[in-house]
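Report on the following structure.
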Amino acid sequence: MAWYDCRTGKINILDESYRDEALSALTPFLASEPDVTPAADPRSLPAPPATAAPSSSQDLATNEPGASLRRRIEEVEPSPLLRTLKRWFKLDAELRPWETGLQGERIAGKSLNRLRRDGWYVLHSVELPSGADIDHVAIGPPGVFTINTKHHRGSKIWLGDHAAMVNGQSTPYVRNSLFEAQRAARLLTHTCGFPVAVHPVLAVVGAATMTVRTPAPSVRLIDGTHAARELSGLSPVLTPPDIERIYAAAREGNTWLAASRRPDHT
628 MAWYDCRTGK INILDESYRD EALSALTPFL ASEPDVTPAA DPRSLPAPPA TAAPSSSQDL
688 ATNEPGASLR RRIEEVEPSP LLRTLKRWFK LDAELRPWET GLQGERIAGK SLNRLRRDGW
748 YVLHSVELPS GADIDHVAIG PPGVFTINTK HHRGSKIWLG DHAAMVNGQS TPYVRNSLFE
808 AQRAARLLTH TCGFPVAVHP VLAVVGAATM TVRTPAPSVR LIDGTHAARE LSGLSPVLTP
868 PDIERIYAAA REGNTWLAAS RRPDHT
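For any residue, its number in the working numbering is found by taking its place in the sequence shown, counting from 1, and adding 627.
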């Protein structure tokens, strides 16, 4: 029916009609395979060195795009080999939404990292005590932005005054994006000691079309694949000293712990 080569790690299915049974029978042996965590992408840009690292051991500047989703995926299925096999045999229904989201955050994060060349700071996977997270926080001359990334390949995105739709289906994306920005503004203002305005952004990766049906949207809709290009052309409003102070607060994990004082609605 099937056999597994321990030396090469390859499964050979002799009869495709027994594919599911073969995978089920081999699972106990595959689970003992060593769990190898992929190395960090060497192309990832380091955080700019201008601001000193926080005294806390939780420096959010070290987070990779999609780090929170990556951990959730590993909790559901710790074995990289089994994750690959489940994708191969179309048995990844539980993992697929997480992995699709992870791919989207990595694509948007890679683009956002290019802003660092122009005096911006970018943070990824800013986790909150509730278990939710802010996908990306970008801090630069045009201001502070919380970016909520969604991966909808081939879909039609529509943005109105108070709602966003995907292929005609209503979503909570606008509400969640606004709440993230409001929460970030409150926490950063508290830590910095001066008012910090935060602008909500909805970054969609892979959409076929994106339509904005309001002259003054409450959330900025951008193509996540070209996130850096969409944000870099905005007019500057922050001075370099303010950018440094806000970034010093944002990269410190303790800044976001205050989020537990209010309910999380994301």
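Where is the CB? At the ideal position from N, CA and C, for every residue including glycine.
Since A812 contacts V828 with CB under 8 Å, what's their CB separation in whole angstroms? Actually they do not touch by this definition, with Cβ atoms about 14 Å apart.
In the DSSP assignment, find the unbroken beta strand (DSSP E) run with Q796 in it and report its ends. 796-798 is the extent of the beta strand (DSSP E) around Q796.
Alpha carbon to alpha carbon, how far is W883 from T838? Give it in angstroms, no decimals. T838 and W883 have their C-alpha atoms spaced approximately 33 Å apart.
Excluding five sequence neighbours on each side, which residues of the same chain lie with their C-beta closer than 6 Å to the C-beta of A876? Cβ within range, chain order: L815, T818, C819, T882.
Using the Cα positions of A694 and G860, report the straight-line distance between them to the nearest angstrom. So the two alpha carbons sit approximately 28 Å from each other.
Does chain C have any CB closer than 8 Å to the CB of A790? In the displayed structure, chain C is absent; only one protein chain is listed.
Using the Cβ count rule (16 or more neighbours within 10 Å means buried), how would you classify R872? So R872 counts as buried.
Return the first residue and the last residue of the alpha helix (DSSP H) that T882 is part of. In the DSSP assignment, T882 falls within the unbroken alpha helix (DSSP H) covering 880-884.
Determine, using beta carbons only, whether E807 and I761 come nearer to each other than 8 Å. Closer than 8 Å, so yes.
Coil, strand or helix - E807 by DSSP: Under the three-state reduction of DSSP output, E807 falls in the helix class.
What residues match up with E754 in a beta bridge as DSSP calls it? DSSP lists D760 as partners of E754.
Can you name the residues that DSSP bridges to N775? DSSP output for N775 lists L829 as bridge partner(s).
Could you work out which residue in F821, H751, R744, Q685 is closest to L865 when comparing CA atoms only? Measuring from the Cα of L865, the nearest candidate turns out to be F821.
Under 8 Å between C-beta atoms of R840 and L805: Taking a C-beta distance under 8 Å as the contact criterion, R840 and L805 do not qualify as a contact pair.
Using alpha carbons as the reference points, say which of L755, H763, A735 lies closest to A688. Answer by Cα proximity: H763.
Taking its Cβ as the centre, do 16 or more other Cβ atoms sit within 10 Å of R878, making it buried, or is it exposed? By the Cβ-count criterion, R878 is buried, with 16 or more other Cβ atoms from all chains shown falling within 10 Å of its own Cβ.
If you draw a straight line from the C-alpha of P724 to the C-alpha of A885, how long is it? Cα to Cα, the separation comes out at about 29 Å.
Looking only at its chain, what residues have a beta carbon closer than 7 Å to the beta carbon of A835, apart from the 5 residues adjacent to it on each side? Correct list, in chain order: G781, S782, K783.
Just to confirm, are S752 and G851 a CB contact at a threshold of 8 Å? Result no, Cβ atoms of S752 and G851 do not sit closer than 8 Å.
Which same chain residues, not among the five before or five after P844, have their C-beta less than 7 Å away from its C-beta? For P844, same chain residues with a beta-carbon under 7 Å away, outside a window of 5 residues either side, are L786 in chain order.
Residues near A855 by beta carbon distance below 7 Å, same chain, minus five either side: S738, L739, R741, L742, listed in sequence order.
In the DSSP assignment, what are the bridge partners of Y748? Partner(s): I766.
Using a 10 Å radius around the Cβ and a threshold of 16 neighbouring Cβ atoms, would you call N690 buried or exposed? The residue is buried, with at least 16 neighbouring Cβ atoms inside 10 Å.
Pick helix, strand or coil for A876, following the three-state DSSP scheme. If DSSP states are grouped into helix, strand and coil, A876 belongs with the helices.
Taking the alpha carbon of A759 as the point to measure from, which residue in R810, H779, V846 has its own alpha carbon closest? Just measuring C-alpha positions, the residue of R810, H779, V846 sitting nearest A759 is R810.
Please determine, among N794, A790, G767, T773, the residue with the shortest C-alpha to C-alpha distance to H779. For the residues N794, A790, G767, T773, the minimum Cα distance to H779 belongs to N794.
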